[in-house]
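Novice: In the working numbering, each number is its position in the sequence shown, counted from 1, plus 699.
Glycine included, every Cβ here is placed at the ideal spot set by N, Cα and C.
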Amino acid sequence: QTRLHCAAVQADLPMVRLLIDLGASVHARDRDGRQPLHLAAYHQMASTIDNSSLARSELMRLLLDTGAELDAKDSLGDTPLSLASHEGLSSSFKVLLGAGANPSWHEEHQCCTFQFVLAFLSNSDEAGAVTALLREGSDDVNARDKDGHTLLDRAARLGFPAAVKALLDAGADPNISGRSTPLHFAAVLMEHPDDEEAVLALCNAGADVDAVDVKGYTPLHYAAWRGSPSAVQLLLGRGA
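#1: Can you tell me which of K864, P881, F859 and P860 puts its alpha carbon nearest to the alpha carbon of T849?
#2: Note down the Cα distance separating A862 from A854, rounded to an integer number of angstroms.
#3: Report all residues from its chain with a CB closer than 7 Å to the CB of G732; omit the five preceding and five following residues, and keep chain order.
#4: Since P860 is in the alpha helix (DSSP H), which residue starts that stretch and which ends it?
#5: Grouping DSSP H, G and I as helix and E and B as strand, with all else coil, what is R878?
#6: If I measure Cβ to Cβ from I875 and keep anything under 7 Å in the same chain, skipping five residues before and after, which residues do I get?
#7: Please list the terminal residues of the continuous alpha helix (DSSP H) segment that includes A854.
#8: Can you tell me which of the three DSSP states R760 falls into?
#9: Whole-angstrom Cβ separation of P860 and A900, contact assumed at under 8 Å?
#10: Here's the rule: buried if 16 or more other CB atoms are within 10 angstroms of the residue's CB, otherwise exposed. What is L919?
#11: I need the DSSP call for P713, collapsed to helix, strand or coil.
#12: In chain order, what residues of the same chain lie with their CB nearer than 8 Å to the CB of L712, ignoring the 5 residues before and after it?
#13: Count the other CB atoms, across all protein chains shown, that sit within 10 Å of the CB of G730; report buried if there are 16 or more and exposed otherwise.
#14: So A727 packs on L703, CB below 8 Å; how close in whole Å?
#15: Rounded to whole angstroms, what is the Cα-Cα separation between A886 and A798?
#16: Can you give the Cα-Cα distance for G905 and R716, rounded to whole angstroms?
#17: Using CA atoms only, rank isn't needed, just tell me which of A710, D909, R856 and V913 is closest to R878.
#18: Output needed for G938: all residues of its chain with C-beta closer than 7 Å, excluding positions within five of it in sequence on either side, in chain order.
#19: Where does P873 land, buried or exposed, given buried means 16+ other C-beta within 10 angstroms?
#20: To which residues of the same chain is C902 closer than 6 Å at the C-beta, ignoring the five residues directly before and after it?
#21: Which whole-angstrom value describes the C-beta separation of I719 and T765, a residue pair presumed to lie in contact below a C-beta threshold of 8 Å?
#22: Identify, in the order they occur along the chain, each residue of the same chain with its Cβ nearer than 7 Å to the Cβ of S929, setting aside the five sequence neighbours on each side.
#23: Please state if the CB of V794 and the CB of D742 are separated by a distance shorter than 8 Å.
#24: Rounding to the nearest angstrom, what Cα-Cα distance links L867 and S724 in this structure?
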């Protein structure tokens, strides 16, 4: 990795600016074939407490303004957009999609979940987008994509409480078995102001607050790990 790769991983915006000013290439690739934009799009590490999702978004815009390839593929064929989608980072997802990233990669690797995400990212009426999606297709609301995720998983992970509520109303199972439950996803992210609403909606729908994922962790473990007092208090209040 170059110094610019390392700064991108840590969301160190001042260092990224300095390195670019000194001539660092935004096209350099690491041993996985990833450019700095790939790393900025999906890493959640931060060098300081101030390196929030807002800083990461600004960092990506800076890389793009400096000539970074929006749809560059790494050695596995992943683009910055696909990596952001895998990690559930809606802040990165929105920046890249807004900049014109090509979503065609997902058409071969995902099922309707990606079209669902696209629908409510471009539609302020998240619940309406869910209803329209379910009306247009005959897909089971609990169907999984090729990664094993359900629509509810994706909505919870991307931090869209209205979509979470609409899916629950449509019969989505908050306790469907898998590597993790939707409540795990909602508790682990917590980078969105409305994530508490998603956690609350899942709890109200009967989500198991003590459900264990494949690593043996509960939603409370993740809420504590991410340093989210509101999620911790909410889960404890529900008996976790």
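Specialist: So, from the listed chains and residues:
#1: P881
#2: 6 Å
#3: D773 and S774
#4: P860 to D868
#5: coil
#6: N841 and T849
#7: L850 to L857
#8: helix
#9: 6 Å
#10: buried
#11: helix
#12: N750, A754, E757, L758 and L761
#13: According to the sequence displayed, residue 730 carries Arg and not Gly. R730 comes out exposed.
#14: 7 Å
#15: 29 Å
#16: 47 Å
#17: V913
#18: V908
#19: buried
#20: R937
#21: 5 Å
#22: E895
#23: In the sequence on display, residue 742 carries His and not Asp. Contact flag unset, no.
#24: 46 Å
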